[in-house]
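Enquirer:
Residue numbers (our numbering): 21 to 305.
1) Please determine if the segment 164-174 and the segment 264-272 are in contact, where contact requires at least 3 C-beta pairs separated by less than 8 angstroms.
2) State the Cα-Cα distance for the pair residue 245 and residue 216, rounded to the nearest angstrom.
3) Check whether the Cβ atoms of residue 237 and residue 183 sit closer than 9 angstroms, and answer yes or no.
4) Going along the chain, which residues of its own chain have a beta-carbon closer than 7 angstroms to the beta-carbon of residue 67, five neighbours each way excluded?
5) What span of residues does the alpha helix (DSSP H) with residue 46 cover, start to end?
6) Based on the DSSP output, what are the partners of residue 134 in its beta bridges?
7) Can you give the Cα-Cα distance for residue 143 and residue 200, rounded to whole angstroms?
8) At what residues does the alpha helix (DSSP H) containing residue 151 begin and finish?
9) Name the DSSP bridge partner or partners of residue 196?
10) If contacts are defined as beta-carbon pairs under 8 angstroms, then residue 132 and residue 249 qualify, I think. What distance do you get, rounded to the angstrom?
11) In this structure, how does DSSP classify residue 204 when only helix, strand and coil are distinguished?
12) According to DSSP, is residue 89 helix, strand or coil?
13) Taking residue 49 as the reference, give the member of 126, 101 and 77 with the closest Cα.
14) Give the straight-line distance between the Cα atoms of residue 85 and residue 194, rounded to the nearest whole angstrom.
15) Can the beta-carbon of residue 69 be found less than 9 angstroms from the beta-carbon of residue 47?
16) Secondary structure at residue 63, three-state DSSP: helix, strand or coil?
17) List the endpoints of the continuous alpha helix (DSSP H) containing residue 171.
18) Taking 9 angstroms as the cut-off, decide whether the C-beta atoms of residue 247 and residue 257 are in contact.
19) Mind checking who residue 266 pairs with in its DSSP beta bridge?
20) Beta-carbon within less than 7 angstroms of residue 99's beta-carbon, same chain only, minus the 5 sequence neighbours each way: which residues are those?
21) Which same chain residues end up closer than 8 angstroms to residue 211 when comparing Cβ atoms and leaving out the 5 residues on each side of it in sequence?
22) Leaving out the 5 sequence neighbours to the left and right, which residues in its chain are closer than 7 angstroms to residue 52 when beta-carbon positions are compared?
23) Quick check: what's the CA-CA separation for residue 139 versus residue 287?
24) Consult DSSP for residue 122 and reduce its assignment to one of helix, strand or coil.
25) Taking only the alpha-carbon atoms, compute the straight-line gap between residue 30 and residue 234 and give it to the nearest angstrom.
26) My understanding is that residue 239 touches residue 280, with C-beta atoms under 8 angstroms, so please give their C-beta distance in whole angstroms.
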């Protein structure tokens with residue numbers, strides 16, 4: 021019999037929804053009603069569906085998106101009527117504006133005691149101006165609706181508050197110079213983006229270093245990466261690609277990525293020179 025790993029080890033409940041939707045709450049209430057009608061306690065039901073009591077409770081309270089395996093096993097245990105299977109097809113997450121693969125990392129960000137970001141594709145989300153973020157979302161394929169765009173934009177702007185709301189948490193950014201040279205929109209929008217980055221990297225807990233174009237090849241060429249540490253001293257990393265993201269908890273792998281980041285930090289411009297470069301780029305517009 022297999023059991024949900026996060027429940028067994030006591031680790032963070034990765035699948036917990038930050039803002040449960042009405043559909044999740046309704047689905048959970050139906051599961052609970054059927055379970056109680058069948059005469060099972062949460063512990064007994066958990067054994068039958070091969071999930072822990074805690075997972076059963078989270079699903080019933082709408083705090084967790086049920087796995088497909090949970091739905092199928094629950095169907096078999098609770099009469100195989102097809103009701104849960106059909107209802108599961110209409111479930112939606114409560115937090116709009118975050119890609120499904122990024123939600124786990126976003127939750128860790130909120131409790132991290134340090135956060136490091138290396139970016140080689142675009143301005144990091146925590147430093148993006150509203151105009152820049154809007155341009156990024158407008159270029160999304162497939163094309164999204166205006167409502168979806170506004171939801172994405174609202175979440176991105178809300179995440180940026182961390183830089184000011186958590187003044188004792190160090191935020192470190194290392195960004196390739198060409199990222200800030202990539203044109204979008206008009207001159208005014210470019211200036212606004214550079215001004216926004218300068219403003220949001222000004223607090224004492226925020227460090228921005230730019231890797232100059234003449235720096236050559238370096239250890240982080242495999243792609244962008246984020247690293248953080250929790251108050252318990254645990255370290256996590258996150259990498260993202262086309263339509264996917266990967267949360268990394270393996271100690272050795274995270275340590276290797278941290279070494280690469282630290283090495284690149286020594287190769288990048290110092291914060292003062294990095295700000296000077298951004299100011300020069302703004303002046304060239």
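Backbone N, C-alpha and C fix where the C-beta goes; we use that ideal spot for every residue, glycine too.
Expert: The answer reads as follows:
1) With a cut-off of 8 angstroms, the segment 264-272 and the segment 164-174 do not count as touching, because too few Cβ pairs lie within range.
2) By one-based count along the chain shown, residue 245 stands at place 225. By one-based count along the chain shown, residue 216 stands at place 196. Near 22 angstroms, if we compare the C-alpha coordinates of residue 216 and residue 245.
3) Within the chain shown, numbered from 1, the residue matching residue 237 stands at position 217. Within the chain shown, numbered from 1, the residue matching residue 183 stands at position 163. No. Outside cutoff.
4) Against the chain shown, residue 67 aligns to sequence position 47. For residue 67, same chain residues with a beta-carbon under 7 angstroms away, outside a window of 5 residues either side, do not exist.
5) Position 26 of the chain shown, counting from 1, holds the residue named residue 46. Residues 42-58.
6) Position 114 of the chain shown, counted from the first residue, corresponds to residue 134. For residue 134, which the question treats as bridged, DSSP gives the partners 249.
7) Locating residue 143 in the chain shown gives position 123, where the first residue counts as 1. Locating residue 200 in the chain shown gives position 180, where the first residue counts as 1. If you take the alpha carbons of residue 143 and residue 200, they lie about 7 angstroms apart.
8) Along the chain shown, one-based indexing puts residue 151 at 131. Residue 151 -> alpha helix (DSSP H) spans 150-158.
9) Numbered from 1 along the chain shown, position 176 holds the residue referred to as residue 196. Its beta-bridge partners are 231.
10) Position 112 of the chain shown, counted from the start, is the residue given in the question as residue 132. Position 229 of the chain shown, counted from the start, is the residue given in the question as residue 249. About 6 angstroms separates the two Cβ atoms, so the contact holds.
11) Counting from one through the chain shown, the residue named residue 204 turns up at place 184. Residue 204: coil per DSSP, three-state reduction.
12) Working through the chain shown from its first residue, we reach residue 89 at position 69. Helix at residue 89.
13) As a working note, residue 49 is residue 29 in the chain shown. Checked all of 126, 101 and 77; the closest Cα to residue 49 is 77.
14) By one-based count along the chain shown, residue 85 stands at place 65. By one-based count along the chain shown, residue 194 stands at place 174. The straight-line gap from Cα to Cα measures roughly 35 angstroms.
15) Taking the first residue of the chain shown as 1, we reach residue 69 at position 49. Taking the first residue of the chain shown as 1, we reach residue 47 at position 27. Cβ distance not < 9 angstroms, so residue 69 and residue 47 don't count as in contact.
16) Counted from its first residue, the chain shown places residue 63 at position 43. In this structure, residue 63 counts as helix in the three-state DSSP scheme.
17) The residue given as residue 171 occupies position 151 in the chain shown. Here the alpha helix (DSSP H) through residue 171 covers 166-179.
18) Translated into positions along the chain shown, residue 247 becomes position 227. Translated into positions along the chain shown, residue 257 becomes position 237. Yes. Within cutoff.
19) Mapped onto the chain shown, residue 266 falls at position 246. For residue 266, which the question treats as bridged, DSSP gives the partners 259.
20) The count along the chain shown starts at 1 and reaches residue 99 at position 79. Taken in chain order, the list of residues that qualify is empty.
21) Position 191 of the chain shown, counted from the start, is the residue given in the question as residue 211. Taken in chain order, the residues that qualify are 302 and 305.
22) Stepping through the chain shown from its first residue, residue 52 is reached at position 32. Cβ neighbours of residue 52 beyond the five flanking positions: 80.
23) Counted from its first residue, the chain shown places residue 139 at position 119. Counted from its first residue, the chain shown places residue 287 at position 267. Rounded to the nearest angstrom, the two C-alpha atoms are 15 angstroms apart.
24) Walking along the chain shown from the start, residue 122 turns up at place 102. In the structure shown, residue 122 sits in a helix (DSSP, three-state: H, G or I).
25) For the purposes of this step, residue 30 is identified with residue 10 of the chain shown, where counting begins at 1. For the purposes of this step, residue 234 is identified with residue 214 of the chain shown, where counting begins at 1. Here the model assigns residue 30 a pLDDT of 35, short of 50, so the residue's position is not dependable, and the following value carries that caveat. Residue 30 and residue 234: Cα-Cα distance of roughly 47 angstroms.
26) On the chain shown, residue 239 is found 219 positions in, with the first residue counted as 1. On the chain shown, residue 280 is found 260 positions in, with the first residue counted as 1. The C-beta distance from residue 239 to residue 280 rounds to 4 angstroms, short enough to fall under 8 angstroms.
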